[in-house]
Amino acid sequence: MHHYEHFWLDPKFWVGISFIVFVLLVGRKAWSQATSMLDARAERVRAELAEAARLREEAEAMLKQAEADRTAAAEEAREMLRRAHAEAIRVAEAAAAEAEASATRRERMAMDRIAAAEAGAVAEVRQAAAEIATAAARNVIAQGMTAEADAKLIDSAVADLPRALRA
Numbered sequence: 023m024h025h026y027e028h029f030w031l032d033p034k035f036w037v038g039i040s041f042i043v044f045v046l047l048v049g050r051k052a053w054s055q056a057t058s059m060l061d062a063r064a065e066r067v068r069a070e071l072a073e074a075a076r077l078r079e080e081a082e083a084m085l086k087q088a089e090a091d092r093t094a095a096a097e098e099a100r101e102m103l104r105r106a107h108a109e110a111i112r113v114a115e116a117a118a119a120e121a122e123a124s125a126t127r128r129e130r131m132a133m134d135r136i137a138a139a140e141a142g143a144v145a146e147v148r149q150a151a152a153e154i155a156t157a158a159a160r161n162v163i164a165q166g167m168t169a170e171a172d173a174k175l176i177d178s179a180v181a182d183l184p185r186a187l188r189a
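So this is what it looks like as structure tokens:
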């Protein structure tokens, strides 16, 4: 085995120094690449976490909006049912009032027709009675009236005329 006077003259020393320099240069480059890869991966993970948080917030907002929409739709449905019920009651009351008014009108028309028929019948009976009375009076007068009785009847009517005019 060979011993050198100075350690720097030993080739093993220079091989070791070269190895250390090589490791430092390559290690530095590898370290920077490894750290940049890890930094990029950490950045991707941060971005994915931020995206996941944003998506979660959007989902929560959409859920709240959907719940609000469902509540509003349920309230609107209740309001529509209430209005439909009120409208049905109003239509039923209007139909009942119209039916009652129609029945009242028909009853009044029937009563008017009955009254008109009754008045017509009474008028016909009076006219027939007047015609019969006139014919009977004509017959009685024609059979029992003489010129003297006629003059006496006229004198009596003329004498009653002042009294009849005062009345």
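The sequence shown begins at 23 in the numbering used here and counts up one residue at a time. Heads up, the beta-carbon is just placed ideally off N, CA and C, and yes, glycines get one too.
DSSP state of Phe107 mapped onto helix, strand, coil: Here residue 107 corresponds to residue number 85 of the sequence shown, with the count starting at 1. Looking at the sequence itself, residue 107 is His, so the reference to Phe does not match. Residue state, collapsed to three classes: helix.
Cα-Cα separation, Ala69 to His107: Numbered from its first residue, the sequence shown carries residue 69 at position 47. Numbered from its first residue, the sequence shown carries residue 107 at position 85. For Ala69 and His107, the distance between alpha carbons rounds to 55 angstroms.
For Thr57, three-class secondary structure by DSSP: Sequence index remark: in the sequence shown, residue 57 carries index 35 (1-based). Residue state, collapsed to three classes: helix.
Whole-Å CB distance - Phe29 paired with Phe35, under 8 angstroms assumed: The residue you call residue 29 lines up with position 7 of the sequence shown. The residue you call residue 35 lines up with position 13 of the sequence shown. Indeed, because the Cβ distance is near 5 angstroms, the residues count as touching under 8 angstroms.
Ala56 versus Gly49: straight-line alpha-carbon distance, rounded: On the sequence shown, position 34 is the one that residue 56 refers to. On the sequence shown, position 27 is the one that residue 49 refers to. When rounded, the distance between both Cα atoms is 10 angstroms.
Asp182: first and last residue of the uninterrupted alpha helix (DSSP H) it sits in: Within the sequence shown, numbered from 1, the residue matching residue 182 stands at position 160. Note, Asp182: alpha helix (DSSP H), Ala169 to Arg188.
Assigned secondary structure, Asp91 (DSSP; H/G/I helix, E/B strand, else coil): Position 69 of the sequence shown, counted from the first residue, corresponds to residue 91. If DSSP states are grouped into helix, strand and coil, Asp91 belongs with the helices.
Alpha carbon of Val180 to alpha carbon of Asp172, nearest angstrom: Residue mapping note: residue 180 aligns to position 158 of the sequence shown, counting from 1. Residue mapping note: residue 172 aligns to position 150 of the sequence shown, counting from 1. Rounded to the nearest angstrom, the two C-alpha atoms are 12 angstroms apart.
Phe90 versus Arg63: straight-line alpha-carbon distance, rounded: One-based indexing of the sequence shown puts residue 90 at position 68. One-based indexing of the sequence shown puts residue 63 at position 41. The residue asked about is misnamed: residue 90 is Ala in this sequence, not Phe. Distance between the alpha carbons of Ala90 and Arg63: 40 angstroms.
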